[in-house]
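Below: one structure, written as structure tokens.
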Amino acid sequence: MTETVPALQARRLCAAYHQQPVLEDITLSLPQGQWTAIVGPNGAGKSSLLNLVIGSLAPLRGELRVLGESPAAQRRAGNIAYMAQQENMEWDFPISVRDTVLTGRYGLMRHDPLWRRLAPRHWADPSHRQAVEAALDAVDMADYAMRPIGELSGGQKKRVMLARALAQQARILLLDEPLAGVDPPSEALILDTLERERRAGRTVIMVTHDMPSARVHADNVLLINRTLVGMGAPDEMLSDAMLARLAVGDRGALSGGERVAA
Amino acid sequence: MLPLESLALGTIDALTALLMLAVDLLPENLAAPFEYRFMQRALLTSVLVGAICGLLSCYVVLKRWSLLGDAISHAVLPGVAIAYLLGWPFFIGAFITGALTSLGIGAIERHTRIKSDAAMGLMFTAAFALGIVIISKIATSTHLLHILFGNVLGVKDSALILTLLASVVTLLAIWLAYRPLLLYTFDPQQAQALGFNTGAIHYGLILLLTLTIVASLETVGIILVVAMLITPGATAHLLTDRFPRMLAISVGVGVTSAVVGLVLSVKLDVASGGAIVLVASALFLVALLAAPKHGLVARHWRRWRLNQTSQT
Chain R
1 MTETVPALQA RRLCAAYHQQ PVLEDITLSL PQGQWTAIVG PNGAGKSSLL NLVIGSLAPL
61 RGELRVLGES PAAQRRAGNI AYMAQQENME WDFPISVRDT VLTGRYGLMR HDPLWRRLAP
121 RHWADPSHRQ AVEAALDAVD MADYAMRPIG ELSGGQKKRV MLARALAQQA RILLLDEPLA
181 GVDPPSEALI LDTLERERRA GRTVIMVTHD MPSARVHADN VLLINRTLVG MGAPDEMLSD
241 AMLARLAVGD RGALSGGERV AA
Chain W
1 MLPLESLALG TIDALTALLM LAVDLLPENL AAPFEYRFMQ RALLTSVLVG AICGLLSCYV
61 VLKRWSLLGD AISHAVLPGV AIAYLLGWPF FIGAFITGAL TSLGIGAIER HTRIKSDAAM
121 GLMFTAAFAL GIVIISKIAT STHLLHILFG NVLGVKDSAL ILTLLASVVT LLAIWLAYRP
181 LLLYTFDPQQ AQALGFNTGA IHYGLILLLT LTIVASLETV GIILVVAMLI TPGATAHLLT
241 DRFPRMLAIS VGVGVTSAVV GLVLSVKLDV ASGGAIVLVA SALFLVALLA APKHGLVARH
301 WRRWRLNQTS QT
């Protein structure tokens, strides 16, 4: 049954950037329909874990499965929506807010009939337009739809990028620091939106530095510092003792084989 | 004659006839030179080259590939020389060394600690030097000048067919792969996450760039072709905030500068490649000053207005 297949499953996963190991021996399993916060110091490999899922980083060893299949197959099926940290985005790009959100549908558009794919976008399947408008409404950016993306504030850009991920209507949402550099109203709006997605049955996996929001919203917390330091309920994982252990990157904290989040 | 060749020549004749309809609208003294067949061919070549350079230059500008374009265009020289030695059509050799160099750049970048700008500079100067050495041994300096700076008035049938073919391939590729190309240019990481084959898109775009450069050799030459791959896109980027419009404006700038430059070069008896690039640069200058939103005048006007309102 699909319900019993984990959203994300890793077995003895290792990864490296330029021969520098960033993730070692990660074994974990995240169930579907839950909100997971990935927490760890800078350079601990949190983003690398997401990069392994979206394919911009290849695993050195070990196995990674998404919904029981290879990540590449799930990417092509459109089941993985990703919101990057956007540090090196080219905001000068000549594109409107609405068209930016529409790029989230580009993966799904490959499955449209040929004539729709080659026709001007007014002839695209109406489902794409509807998803885009719904996503813009969800992050309260519909009024800015025609604006160039570069004219927005930092928080607004984040909301648009979240809208793009939502527009894909994927089963898994991967978010890299969705709350970094965001004004308080935008933060509340982003968290509300994600809460709604989780209630709609989607799996939310978010890398974050924001402990309060992880404590309130997450079902699971993953502590990563190159190795998996711990995995479990937020209260347990975000205790002072565990966070101290996370800071030094204690390997011994979890050597007992696979841990499955409750 | 091959059926494909006769088809191409037929298309060229049809396109020339279409262009002549437009030329007939011009005043007498401007239209007069185009009664000659070589001028008609030069005009058609210029229009095609202006159009495909305009299209590609949007991607070059937005992807920061200016130096890569420069590198590929220089790397084409040894290919031309070797093709000349072997008696092949020049564009086959040009395409091969251009593509090999861009692969070499990618390999150095990925597998060593050398950064991309150094990798490009290194590869293209080496290739260019090789080309100069071979040509100095086998050909006259006029021949070298024509390769380096173009010779649109002497365009042969074979070169015109190549330009036509390159235009058709470029247009088709950009139409069929519009979305993947747009997404890859805007946000490669997102393209990856949505399951697009970013490696194929990357090398596909480089091959298109190489093809465009090779097709433009006769018109503007190796040294100046990169101007046609930067200036139209940069001009268009100043004028709009929508990508499809940027493509259209860039094609307009490319075609306008190619045609006006050609006419000027005949009227003033100066090098066509240089004239074409100067017209493009002039158009850029106008956009830089007068663009409604991103132009210098508009920017200073807005700043001045802001100061006025904050003082009151």
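Each protein sequence line maps, in turn, to chains R and W.
Using UniProt numbering, read the first sequence as starting at 1 and increasing by one per residue.
Using UniProt numbering, read the second sequence as starting at 1 and increasing by one per residue.
Quick reminder that beta carbons are idealized off the backbone N, C-alpha and C, glycines included.
Cα-Cα separation, residue i to residue j
i	j	result
R/Val260	W/Gly98	Note that R/Val260 scores a pLDDT of 45, beneath 50, so its modelled location is shaky; the value from the coordinates is reported in the next line. Taking the straight line joining both Cα atoms gives about 53 Å.
R/Ser127	R/Val182	30 Å
R/Ile205	R/Leu174	5 Å
R/Ser255	W/Thr198	Caution applies to R/Ser255, whose pLDDT of 40 falls short of 50 and renders its modelled position unreliable; the model cannot decide the point.
W/Leu165	R/Val22	48 Å
W/Leu207	W/Val214	10 Å
W/Tyr84	W/His143	11 Å
W/Ala280	W/Leu43	16 Å
W/Leu7	W/Phe91	20 Å
R/Ile149	W/Glu5	47 Å
R/Val139	R/Gly104	15 Å
R/Glu177	W/Ala81	53 Å
R/Ser56	W/Val49	36 Å
R/Ser186	R/Glu90	22 Å
W/Gly150	W/Leu262	12 Å
R/Arg199	R/Ala233	18 Å
W/Arg113	R/Leu189	43 Å
W/Asp24	R/Ser153	52 Å
R/Ile95	R/Asn42	32 Å
Buried or exposed (CB count within 10 angstroms, at least 16 for buried), residue i
i	result
W/Thr125	exposed
W/Leu182	buried
R/Asp99	buried
W/His74	buried
residue 274 of chain R	In the structure as shown, chain R begins at 1 and stops at 262. Residue 274 of chain R is therefore absent and cannot be evaluated.
R/Trp35	buried
W/Ala17	exposed
W/Lys115	exposed
W/Arg303	exposed
R/Val239	Here residue 239 of chain R is Ser; the residue named in the question, Val, does not match the sequence. So R/Ser239 ends up on the exposed side.
W/Asp187	buried
R/Trp115	exposed
W/Cys58	buried
R/Tyr106	buried
W/Ser265	buried
R/Ala244	exposed
R/Gln19	exposed
Proximity test, Cβ basis, 8 Å: residue i and chain W
i	result
R/Arg76	yes
R/Met109	yes
R/Tyr106	yes
R/Ser70	no
R/Thr227	no
R/Thr27	no
R/Thr103	yes
8 Å Cβ cutoff, residue i in contact with chain R
i	result
W/Asp241	yes
W/Asp70	no
W/Ser310	no
Where residue i meets chain R, residues with beta-carbon distance less than 9 Å
i	result
W/Leu62	Glu90, Asp92, Phe93 and Pro94
Interface partners of residue i on chain W, CB under 8 Å
i	result
R/Ile172	Per Cβ cutoff of 8 Å: no residues; R/Ile172 is ~11 Å from chain W at best.
Per-residue contacts from residue i into chain W (C-beta, under 9 Å)
i	result
R/Ala84	Asp187, Gln189, Gln190 and Ala193
R/Ile80	Ala193, Leu194 and Gly195
Amino acids of chain W, ordered along the chain, whose beta-carbon sits closer than 7 Å to that of residue i
i	result
R/Ser56	Gln189 and Gln192
Near the ligand ZN: residue i beta-carbon under 7 Å from a heavy atom
i	result
R/Cys14	Among the ligands in the structure shown, none appear at all, so the ligand ZN cannot be discussed.
(request) Select from the stretch 189 to 217 of chain R all residues with a C-beta closer than 9 Å to any C-beta belonging to chain A, and list them in chain order. (result) The displayed structure is made up of protein chains R and W, and chain A is not among them.
(request) Identify each residue in the stretch 177 to 200 of chain W for which the Cβ-Cβ distance to at least one residue of chain R is less than 7 Å, and report them in chain order. (result) Arg179, Leu183, Phe186, Asp187, Gln189, Gln190, Gln192, Ala193, Leu194 and Gly195
(request) Determine which residues of the stretch 144 to 159 of chain R have a Cβ less than 9 Å from any Cβ of chain W, and write them out in chain order. (result) Arg147, Pro148, Ile149, Gly150 and Glu151
(message) At a CB distance below 8 Å, what residues from the stretch 226 to 255 of chain W approach chain R? Give them in sequence order.
(response) His237, Thr240, Asp241, Arg242, Phe243, Arg245 and Met246
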